[in-house]
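Taken in order, the sequence shown gives residues 1 to 99; the numbers are from our numbering.
All C-beta atoms in this analysis are idealised placements derived from N, C-alpha and C, irrespective of residue type, glycine included.
Computed from a predicted model, the values in this text were never measured in an experiment.
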Amino acid sequence: STFTGGPRYMHERTQDAMTYVRHYGRPDLFITFTCNPRWDEIKELLLPGQRSYDRHDIIARVFRLKVKKTMNLLTKGKIFGEVRCYMYSTEYQTVERFR
């Protein structure tokens, strides 16, 4: 599929996930990782007078870096043992309470 996030794309990703489950078995771990727009790493990158919700690009970049670091810790750091397979999904939502 050529449209990321479309019905065909999502169906293909679901099929990929089911293939992993058939081959490796059921997942042993499910982690939810939530972004906090008030993280110090985000605040440090804001210009004077800016608020985090003004800079979605910064929020997304810092979040992506933290996810990448966490995945490296889990997969290469082997804190839960050897990782034979993993999959993850990122979802974006607007949360008004941080305004």
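- Thr94 and Arg8 have their alpha carbons spaced roughly 25 Å apart.
- Put simply, the stretch 18-25 touches the stretch 69-85. At least three CB pairs are less than 8 Å apart.
- Closest option to Asp40, judged by alpha-carbon separation, among Met71, Ile31, Lys66, Asp28: Lys66.
- Cα atoms of Leu47 and Gly77: separation of roughly 35 Å, rounded to the nearest angstrom.
- According to the DSSP assignment, Arg61 belongs to the alpha helix (DSSP H) that extends over 56-75.
- Nearest in C-alpha terms to Arg38, of all of Leu73, Pro27, Gln50, is Gln50.
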